[in-house]
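J.: All you need for my numbering is the position in the sequence shown, starting with 1, plus 3. Dropping a structure here in structure tokens format, bear with me for questions.
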Amino acid sequence: MNEDVERRPGEEAIPLPAAYDAGLYFIGRVRTPWKARAECPKNGTQTDAICTLEVDARYQAALQNLEGATHLIVLYWMDRAARDLVRQQPRHAEGSRGTFSLRSPARPNPIALSVVERLAIADGTVRVRGLDCIDGTPLLDIKPYYASTDSRPEARVDRAGTAKAEA
Numbered sequence: 004m005n006e007d008v009e010r011r012p013g014e015e016a017i018p019l020p021a022a023y024d025a026g027l028y029f030i031g032r033v034r035t036p037w038k039a040r041a042e043c044p045k046n047g048t049q050t051d052a053i054c055t056l057e058v059d060a061r062y063q064a065a066l067q068n069l070e071g072a073t074h075l076i077v078l079y080w081m082d083r084a085a086r087d088l089v090r091q092q093p094r095h096a097e098g099s100r101g102t103f104s105l106r107s108p109a110r111p112n113p114i115a116l117s118v119v120e121r122l123a124i125a126d127g128t129v130r131v132r133g134l135d136c137i138d139g140t141p142l143l144d145i146k147p148y149y150a151s152t153d154s155r156p157e158a159r160v161d162r163a164g165t166a167k168a169e170a
């Protein structure tokens with residue numbers, strides 16, 4: 004757990020397991036104009052900032068043919084987020100909400116996902132538009148976005164059920 008994380012009334016934290024279940028490899032770092040969480044946009048659609056995915060040399064061969072994708076799915080590790088919250092109190096909400104009903108970076112595994120516009124690829128970097136993370140955030144993966152399989156226009160999130168404390 005990150006001891007510097009702000010706690011709000013209505014939030015509930017749990018003790019974390021003593022050991023991890025799996026390992027992963029950071030494939031690089033995300034470079035953005037934001038140095039602190041408070042500076043970051045709420046989501047990638049709220050900014051036109053151009054950001055850079057710096058891919059470590061050992062993984063750069065994996066960028067082959069990526070120029071054919073106009074949009075990418077970028078997965079990154081919100082390394083400064085709390086990992087012990089099961090209920091959170093969003094600033095804009097009246098009551099607490101379950102972590103899995105939110106897109107907050109505070110979660111057991113702080114994996115973030117953004118669909119970004121690919122702008123350019125050169126020298127092991129990918130320039131993109133549509134990210135929302137702090138500069139230096141660890142990069143987990145890059146995948147092509149396929150509108151034919153990734154888009155779900157019928158998807159909805161019903162916020163009317165937020166008063167229910169437990170399921």
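Backbone N, C-alpha and C fix where the C-beta goes; we use that ideal spot for every residue, glycine too. Small disclaimer: the values here were computed from a predicted structure and weren't measured.
Can at least three beta-carbon pairs, one atom from the region 130 to 142 and one from the region 30 to 40, be found at a separation below 8 Å?
T.: yes
J.: Whose C-beta lies closer than 7 Å to the C-beta of C43 among residues of the same chain, with five residues either side of it excluded?
T.: W37, D135, C136, I137
J.: Could you give the DSSP three-state label for Y28: helix, strand or coil?
T.: coil
J.: Mind checking which residues open and close the alpha helix (DSSP H) that includes D153?
T.: 150 to 153
J.: Could you round the C-beta distance between R90 and G101 to whole angstroms and report it? I think they count as a contact, below 8 Å.
T.: Right, the Cβ-Cβ distance comes to about 6 Å (below 8 Å), so this counts as a contact.
J.: Below 8 Å CB to CB, which residues in the same chain sit around V58 once its five sequence neighbours on both sides are set aside?
T.: I30, G31, A65, L66, G127, T128, V129, L142, I145
J.: Reducing DSSP to helix, strand and coil, say where A109 ends up.
T.: coil
J.: Go to C54, then tell me how far its beta strand (DSSP E) extends in each direction, as first and last residue.
T.: Unbroken beta strand (DSSP E) run through C54: 53 to 58.
J.: Keeping to the same chain, check which residues put their C-beta closer than 6 Å to that of N46; ignore five residues upstream and five downstream.
T.: Taken in chain order, the residues that qualify are D135.
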